[in-house]
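Engineer: Just passing along the structure, written as structure tokens.
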Amino acid sequence: MNITLSARPPFNFYNTVRSHGWYQLAPYEWDDGKHFLSRVERLSDGRVVLLRFSGASDGLAVEVRGRVTKAEQADIADKARWMFALDADLSAFYDQAEREPRLRHCREQAYGRLLRSSSMFEDVVKVMMTTNIQWSGTKRLVKALVDHFGEPLADDPSRRAFPTADKIARSREAALRKLGLGYRAPYVLKLARGVTQGVYDLAAFKDPALPTDALRKRLIALPGIGPYAANTLLMILERYDHIGVDTEAVSAVSTHFYDGQPVGEKEVNATFAAWGQFKALAYWFWDYDGTHQTPMAQYEARPS
DNA sequence: TTCCAGGGGTAGA
DNA sequence: TCTACCCATGGA
42 MNITLSARPP FNFYNTVRSH GWYQLAPYEW DDGKHFLSRV ERLSDGRVVL LRFSGASDGL
102 AVEVRGRVTK AEQADIADKA RWMFALDADL SAFYDQAERE PRLRHCREQA YGRLLRSSSM
162 FEDVVKVMMT TNIQWSGTKR LVKALVDHFG EPLADDPSRR AFPTADKIAR SREAALRKLG
222 LGYRAPYVLK LARGVTQGVY DLAAFKDPAL PTDALRKRLI ALPGIGPYAA NTLLMILERY
282 DHIGVDTEAV SAVSTHFYDG QPVGEKEVNA TFAAWGQFKA LAYWFWDYDG THQTPMAQYE
342 ARPS
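Per my numbering, residue 42 is the first one in the first sequence, and the count goes up by one each step.
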């Protein structure tokens, strides 16, 4: 079964996948040779399927193995449109970027979309797993959560979907600590239980009508989510007026704007202040190394 | 061994 | 609002 979805132009499948590190986190699997992005997905009716995404002429192709009902097709299409932000309109950012040599390439490369997960719960947990840890550790913890709590694919139980909030909610802190989550364990558990009990309505965070300031307050109110994580989630939610300042941001701004001098959050924000509602996009897609490559390619090209 | 990572929560000022 | 301190774990 194949589903083809059109995207608001410009759209570039590869550059969307490589927009940030999410494609390296389970249950995403990236085939860099074939440019296929796969993931096991638990559909809204509870069925677990394997999805394979690739670029199509004017958008995205989704391949699902086996038969799916019309309702499941619609569910998959909805989720795919969200994950790849197919409807995102970045024209205002591109217009502003024309005046900056370090960002002028963004329109042609269709930079600006950030790959997302199919649910806000998954993205909130994943951002939480990026805090105070190295990227290799983030990948390890997310994989551990998927392997331990995710629903398996029927014809290949070694591949699993991202765990539901309900599944994690029914576990214990000790089980999460055993996976290596450390002090993040109680935060994940509180989040999952809050979602299950209706204390946190994460799906509502997708509502474009929700003012950014109110949304940011709700994000920071979540367990384990502080300023960095909230701002990162805001960027994922297509709101770009706050920069998720982490050690990477500080390092990049220090190296490229302050001649290697030590800087803090204030300097990071000041560097991109002129970009107003597009601060986070300007920071994230800035052509730091002059190669016009995606942020992840620039990240991987750096000496470790 | 020591330091610190794509920080957050809490207490105290 | 700002600062000091603690938090688990693994990599460098």
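Even for Gly, the Cβ is constructed at its ideal location relative to N, Cα and C.
Remember, predicted model here, so these are calculated numbers, not experimental data.
1) Closest by CA to Arg-108, which one among Val-229, Ile-44 and Leu-182?
2) So Glu-104 packs on Leu-84, CB below 8 Å; how close in whole Å?
3) Please report how far the alpha carbon of Ala-233 lies from the alpha carbon of Ala-210, in whole angstroms.
4) Hey, Lys-320 and Asp-282 are a contact pair by Cβ (cut 8 Å); roughly how many whole angstroms apart?
5) Between Val-81 and the rest of its own chain, which residues show a CB-CB distance below 7 Å, the 5 nearest in sequence each way excluded?
6) Pick out whichever of Ala-48, Pro-51 and His-61 has its Cα sitting closest to the Cα of Leu-274.
7) CA-CA distance, Arg-154 and Gly-223?
8) Relative to the C-alpha of Gly-178, which residue among Ser-212, His-189 and Leu-220 is closest?
9) Counting along the chain, where does the beta strand (DSSP E) carrying Val-90 start and finish?
10) May I ask you to report which of helix, strand or coil DSSP gives Trp-71?
11) Taking the alpha carbon of Glu-149 as the point to measure from, which residue in Phe-54, Arg-343 and Thr-288 has its own alpha carbon closest?
12) I want to know whether the stretch 310 to 320 touches the stretch 279 to 298 - three or more CB-CB distances under 8 Å.
13) Going by DSSP, name the residue or residues bridged to Asp-197.
14) Within its chain, find whatever has a CB closer than 6 Å to the CB of Trp-63; leave out the 5 residues flanking it on each side and keep chain order.
15) Between Ala-255, Pro-303, Leu-66 and Gln-137, which has its C-alpha nearest Glu-163's C-alpha?
16) With distances taken from CA atoms, which of Gly-74, Ile-261, Tyr-228 and Tyr-329 is nearest Ser-292?
17) Applying the 10 Å Cβ sphere with the 16-neighbour rule, what's the burial state of Ala-270?
18) Quick check: Pro-204 and Val-183, are their CB atoms within less than 8 Å of each other?
19) Which of helix, strand or coil does DSSP assign to Ala-133?
20) Nearest to Phe-94 by CA position, among Asp-130, Met-161, Asp-86 and Ile-117, is which residue?
21) Can you give the Cα-Cα distance for Arg-140 and Gln-318, rounded to whole angstroms?
22) For Ala-102, list the residues DSSP reports as bridge partners.
23) Note down the Cα distance separating Ala-97 from Pro-249, rounded to an integer number of angstroms.
24) Look at the alpha carbon of Ala-226 and the alpha carbon of Arg-181, and state the distance between them as a whole number of angstroms.
25) Could you tell me if Lys-75 is buried or exposed, where buried requires 16 or more neighbouring beta carbons within 10 angstroms of its beta carbon?
Structural biologist: Put simply:
1) Ile-44
2) Not a contact, Cβ separation roughly 15 Å.
3) It is roughly 5 Å from the alpha-carbon of Ala-233 to the alpha-carbon of Ala-210.
4) 6 Å
5) For Val-81, where only same-chain residues beyond five positions count, the Cβ hits under 7 Å are Pro-68, Val-89, Leu-91, Leu-194, Arg-200, Arg-201 and Ala-202.
6) His-61
7) 32 Å
8) Leu-220
9) 89 to 97
10) strand
11) Phe-54
12) yes
13) Leu-194
14) Leu-156
15) Of the candidates Ala-255, Pro-303, Leu-66 and Gln-137, the one whose C-alpha sits nearest the C-alpha of Glu-163 is Leu-66.
16) Tyr-329
17) buried
18) Cβ atoms of Pro-204 and Val-183: not closer than 8 Å.
19) helix
20) Ile-117
21) 16 Å
22) Thr-45 and Ser-95
23) 27 Å
24) In a straight line, the C-alpha of Ala-226 is about 14 Å away from that of Arg-181.
25) exposed
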